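Respectively, the protein sequence lines represent chains G and D.
For what it's worth, our numbering labels the leading residue of the first sequence as 82, then goes sequentially.
For what it's worth, our numbering labels the leading residue of the second sequence as 82, then goes sequentially.
Here a beta-carbon is modelled for each residue, glycine too, at the ideal position from N, C-alpha and C.
For clarity, every value in this text was computed on a predicted model and none was experimentally measured.
Below is one structure, written out as structure tokens; comments come after it.
There are 2 protein chains.
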Amino acid sequence: MHLTDLIMKEFLLKIFLFFLFTVSCLSQDIENKINLMPVPFQYELTGEKFRVDTSFSVSINGNKEERTYQAAQRMLLRLAGRTGIFLELPFVSLNDNQADMQIETKRIGEIKPGEDESYNLLVSENRIHLEAETDIGALRGIETFLQLLDSDDSGYFIHTINIKDKPRFQWRGLMIDACRHFMPVEVIKRNLDGMAAVKLNVFHWHLSEDQGFRVECKTFPKLHELGSDGDYYTQEQIKEVIKYADERGIRVMPEFDLPGHATSWLTAYPEFASAPGPYSIERNLGIFDPTFNPVKEETYEFFDKFFKEMADLFPDEYMHIGGDENNGKQWDANPEIQEFMKENNILDNHTLQSYFNSRLLEILTKYNKKMIGWDEIFHPDLPKNIVIQSWRGKESLVDAARLGFQGILSKDFYIDLNQSTVLHYLNDPLPEDIPLTEEEKKLVLGGEATMWSEFVSPENVDSRIWPRTAAIAERLWSLSSVKDTNDMYKRLGEVSFRLEELGLMHNKNYEMMLRRLSGNSDISPLKNFVDVIEPVKIYWRNRQRKHTQQSPLTRVVDASRPDAEVAREFRNYVDQFLSGDDNKLEEIKSFLQLWKNNHDELLKVIKKSPVLKEIESASKDLSTIAGIGLEALEYIISNHKQNQVWFTSHLELIKKAKEPRAQTEIMVVDTIEKLVNSVAKQ
Amino acid sequence: MHLTDLIMKEFLLKIFLFFLFTVSCLSQDIENKINLMPVPFQYELTGEKFRVDTSFSVSINGNKEERTYQAAQRMLLRLAGRTGIFLELPFVSLNDNQADMQIETKRIGEIKPGEDESYNLLVSENRIHLEAETDIGALRGIETFLQLLDSDDSGYFIHTINIKDKPRFQWRGLMIDACRHFMPVEVIKRNLDGMAAVKLNVFHWHLSEDQGFRVECKTFPKLHELGSDGDYYTQEQIKEVIKYADERGIRVMPEFDLPGHATSWLTAYPEFASAPGPYSIERNLGIFDPTFNPVKEETYEFFDKFFKEMADLFPDEYMHIGGDENNGKQWDANPEIQEFMKENNILDNHTLQSYFNSRLLEILTKYNKKMIGWDEIFHPDLPKNIVIQSWRGKESLVDAARLGFQGILSKDFYIDLNQSTVLHYLNDPLPEDIPLTEEEKKLVLGGEATMWSEFVSPENVDSRIWPRTAAIAERLWSLSSVKDTNDMYKRLGEVSFRLEELGLMHNKNYEMMLRRLSGNSDISPLKNFVDVIEPVKIYWRNRQRKHTQQSPLTRVVDASRPDAEVAREFRNYVDQFLSGDDNKLEEIKSFLQLWKNNHDELLKVIKKSPVLKEIESASKDLSTIAGIGLEALEYIISNHKQNQVWFTSHLELIKKAKEPRAQTEIMVVDTIEKLVNSVAKQ
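Next up, the structure:
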């Protein structure tokens, strides 16, 4: 049945009123069973079931619009894939008002910031209506629809629900650094699918770095020929990615990082550097000197031609010019540059860089692009249509917004730093106490998760991005009031599982990497251990062991995953126990028992697989402290008091277990320490 | 150290003599530890170890030849990946005679049939020499080298060895059907890597079918626009694949299947059909009527332009024109065609097809391509430079060879039929008793595994190809005397494990598919069951349940794998036990116990995951017969005789368990039946 607009509006009004005035009479059970992520703007579960069987059918009303049609077609494939149902009508039909699911959009959306992404989804027992202003909204609604699939004894069904949804922020991004380690097209594509599944809409593609220039450049072919080790995207591949993203309602914003982080460019064209060459692709990780020469006119002639070509290749409104971490050393040492600064009354390198940026801005404007860059590009003299991407923090956004500049937040969305999901989840770009007016707040456009690739390969990059980025996606889409972390984790587990159907490898490559590390032995002992460790956080990894671009990323640290689920589960159990609820006591005991006995088993594997030697002492420590945990547990239960000697000696062993080994840390140490500290003191 | 040719020759002669006259004095242990597959032409283990540590270095001597250089570079990456070693020299150097591994080739090989692929690999305690006539030979040697990596308590090492290797057959192929189900570029690429790892050298790309036309065609764009559902390879992608294959020493031979299997072509250009259109892409699986009209001159004008474009796109010497399974119905029913046959004294459809082929041959010859096709294209009048690909069997090859035609074998290399590895492994294209002269034997060029894609998706295609195709690769590379199946299976397990590092998903997608089927529950009960089942063989699947191109390929049958390893292991244990050796008795018991208890656990998962309903009765049967197996085992051990009633009732239950369910069959039934039949009779 096709509802006219009028009926629909009235209907939605009723839903809205219902939503406002009723306290849900549904059982908590259903509420717990649905796993919407990001949480919609408004929704109301109506407690019935729309049954999905072989007769399930979908129609798009109006013109056959490719983006909606293809997305609906993929939806049918995923639905059939999950349920094993042989659909009688496996193709989406057009204007079939008998179809179970009716999809209707008013217009074709544009892939640009601020486009309407809202949708209404109404699932009743017999019919499903998805309506949206734009096809992009329909895409978002389709993803929500798929999250409503559930099953019971009688088969598969969709929870009945009324949803009115729209994003809180217009800029919800994921950056992937394809430079420190190259990420082939299929890595990008599967992550675009993951992004679409959680309603992210900006793919920020970091394409140039000291360690590699990753785009085929026809005007200056030496850039990719000499700057990439052969690992670059052809222009055809870039078009393919842009098309793929477009089909999923995602912008593709390229970043060419300038004037620093430029060694790979200068390897090809040393004449534009601020110090004499030759240069070669940087193999180390960090911040390096090579920087473009901002006082040479030839530099800007080069960039004019370069950005002309790139502006043509990338249709997005924005061009990201990087701008971060120019250490200024080459500028300080170059007399010509110093002379220029004196002549032009440029007092510091930051101002010189602003001059450089203003020249780039001229070029970008000429080619119809708006400029975006990292914090460092911010300068009050620049025009107001630029965007500041803040890696430094919300203060930068506040400062910029007060002067009328737009910004997006990336600080604390640095998913390469292996921090907890909660940290990212609670990182609101516009917290309630932000000192901005309502008008200024509008200048904070959203945020981006950043996947820097110093320590990731195509094999494990997915496990750094997912599932944590789904929580960031929720932060950027859902209301600020959505912030129950327990509920987030529950839904995150389901999203993570479902992301696999899109080809993402965060789950499946874990055991694959453990198999390789175990040398084709049984992986259980290694898995028991790696399940409770995490890579060291922030920038500790390279401090503990110097890596280059060529260092293998196949070691235990690379298999281990941020926000280790088992460690988190154990922590929750122990917290519950220590708060007086001993429902999970058996689980706590069996975890500790498992770890206590694990070292002997793992040792056998280590003997056969020298690459594991580096975790031997940590594995032993895990066994030791698990034993201590068991002991503490017994004392707590029997209320057996211990003397200072017991505490001192045991806490010493626990302290030892906290030492990072093989650039990883054991994530259950603190929890076991908590157990020890809960033993009564004599 | 760079050996001069003379010293090298003398040296090789010594090795050869040593090989001929000595009985290996090495322990069987080392022999068992190395896992070369395919087995080299000649090799001799010398029992020492070349230690691999951070100082390991590689040099290519002579010019920097891209193919060798890139392959050596990938080798270093794989070596570092497996060992976690931070190499001090992570890049291959040129003409560094101090490097540990010296690679030397005489000339750049051509990617064409019959090119020299031989190599010599000499690993001593301190130095490694890889020498080859062509860079392609060096590539083959590099793969062998990587298979020699092993480890002990002190770290990683390469087994010292002298190898002189070359292939038995020049044509060692894998065909992938990208039509029934489209296989994206990344699927093709990872399988090319797998092919290179086991020294296959022909990728046969099946690109047109009733169900899809998969190549962008610039001359006749409707072919891909209307014939592919949008799932086709752009010409850029095809070039990318050809380059990728070239870098790995692999030919890319396209197949355009004609004149039958042509529905997708005729959907776009119905005017060339033998019966009036319109046509639409075929969604069913099987053999269909639509066939090109061989008596219309326009047909050949069309093919002239078509093959001109494709001859340009695909550099291989050969163009495969399919030619199979033309059912002739449209020809029989078309008066114009019948008239033409009468006029030209063409007595049957086979001869008419030969006429069609001879016209195509003219076109191909004009564009410098040789013709290859399936059995049906064989006709004594065709010129002798065509190749017959035999799906019918060795008799066809014999018939063809006697008339001077070249052939390759595919019968019994049909890996889509889910048969055992042994069947493929023992399928020698030139068995000793083949009734051919030595000269005629030379016309049998090799063989090809064929991965038809009616029932595979990008998710599970790898598990149909690998690891079984590695055994086929050995059949085509190694001597006919290499045919110990136990030894093959031992090495196959290692190869299968190592193929994962190339991105192949035969292992990791197994558990992913089980996770989806279990609805994110613990997969153990489902895994215990699926570990011992296999998809039904040959063409039974579609007979048991009608599938279309759109049917989901995510069910239990799709997760289950051919030649189920656990079932094979159990069979071996039982055979050993029944032959009087009870070393594996405990293993047998615990398998049976596991299966006996599994159904109750699996039932809980089935209740939550309706897609599993279809295996409920089979899972119950497995439990039942496992119980019977335990009973039988007890009776055998205690020599307890049973009466006819016991046998009849139990064999009845076993018979029931043999019934395929959900298009799968339980592979331990026969083995348990064997146990029952080994119980003493009263």
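Taking 7 Å as the threshold, the shortest C-beta distance from G:M156 to chain D does not fall below it. For G:V173, no chain D residue has a Cβ inside 7 Å of its Cβ, as the nearest lies near 12 Å away.
Scanning its chain for C-beta atoms nearer than 6 Å, with the 5 sequence neighbours on each side dropped, one finds no residue around G:E424. Chain order gives the chain G residues near D:F167 as R626, K627, H628, T629, Q631, S632, P633, where near means a beta carbon separation below 9 Å.
With a threshold of 7 Å between beta carbons, D:F651 makes no contact with chain G. Any Cβ of chain G closer than 7 Å to the Cβ of D:T164 would place that residue at the interface, and such an atom is present. A straight-line Cα-Cα distance of about 49 Å links G:M594 and G:D429. Proximity of chain D to G:Y237 at the Cβ level (cut-off 9 Å) is accounted for by P691, V692, in chain order. Distance from the CA atom of D:Y654 to the CA atom of D:G661, rounded to whole angstroms, is 11 Å. D:A482 carries a helical assignment under DSSP once its states are collapsed to helix, strand and coil. Measuring C-alpha to C-alpha distances from G:L202 to each of G:E214, G:P194, G:Y495 identifies G:E214 as the nearest. Assigned with DSSP and collapsed to three states, D:V333 falls in strand.
D:P548 has its alpha-carbon roughly 15 Å from the corresponding atom of D:V647. Under DSSP, D:W252 takes part in a beta bridge, and its partners are D:G527. Not flagged as an interface residue toward chain G: D:F384, since no C-beta distance is shorter than 7 Å. By the Cβ criterion, the segment 586-604 of chain D is not in contact with the segment 123-132 of chain G, since fewer than three pairs of Cβ atoms, one from each stretch, lie closer than 8 Å. Under the 7 Å criterion on CB atoms, D:E667 is classed as non-interfacial with respect to chain G.
Per DSSP, the continuous beta strand (DSSP E) segment holding D:D231 begins and ends at 230-233.
For D:H287, the uninterrupted beta strand (DSSP E) run begins and ends at 283-287, by DSSP. Within its own chain, the residues whose Cβ lies closer than 8 Å to the Cβ of G:T149, once the five positions on either side in sequence are excluded, are I141, I184, T186, D216, A219, L220, listed in chain order. C-alpha of G:L227 to C-alpha of G:L160: approximately 7 Å in a straight line.
One alpha carbon belongs to G:R556, the other to G:E198, and they sit about 16 Å apart.
Closer than 9 Å at the C-beta level to chain D, one finds these residues of the segment 595-607 of chain G: R596, R597, L598, G600, N601.
About 11 Å separates the beta carbon of D:F672 from that of D:L666, a gap too long to meet the 8 Å contact definition.
A buried status is given to D:I362, since no fewer than 16 other beta-carbon atoms sit within 10 Å of its beta-carbon. Around the beta carbon of D:I458, a 10 Å sphere encloses 16 or more other beta carbons of the protein chains shown; the residue is thus reported as buried. Here D:D480 has F459 as same chain residues with Cβ atoms under 8 Å from its own Cβ, once five neighbours each way along the sequence are excluded.
Against chain D, the beta carbon of G:T348 has no neighbour under 8 Å; the closest one sits roughly 15 Å away.
One thing to note: G:T372 has its Cβ within 7 Å of the Cβ of G:S355. By the CB criterion at 7 Å, G:E529 and G:H285 fall inside the cutoff. Among the residues facing chain D, G:A551 is not included, as its CB has no counterpart in that chain under 7 Å away. If you draw a 10 Å sphere on the C-beta of G:T502, you find 16 or more other C-beta atoms in it, and that means buried.
Contact with chain G is absent for D:R132, since none of that chain's Cβ atoms lies less than 7 Å from the residue's Cβ.
Under the three-state reduction of DSSP, D:V296 is assigned to strand. Counting other Cβ atoms within 10 Å of its Cβ, G:Q292 reaches 16 or more and is therefore classed as buried.
In this structure, the straight-line span from the alpha carbon of G:L585 to that of D:D543 is close to 16 Å.
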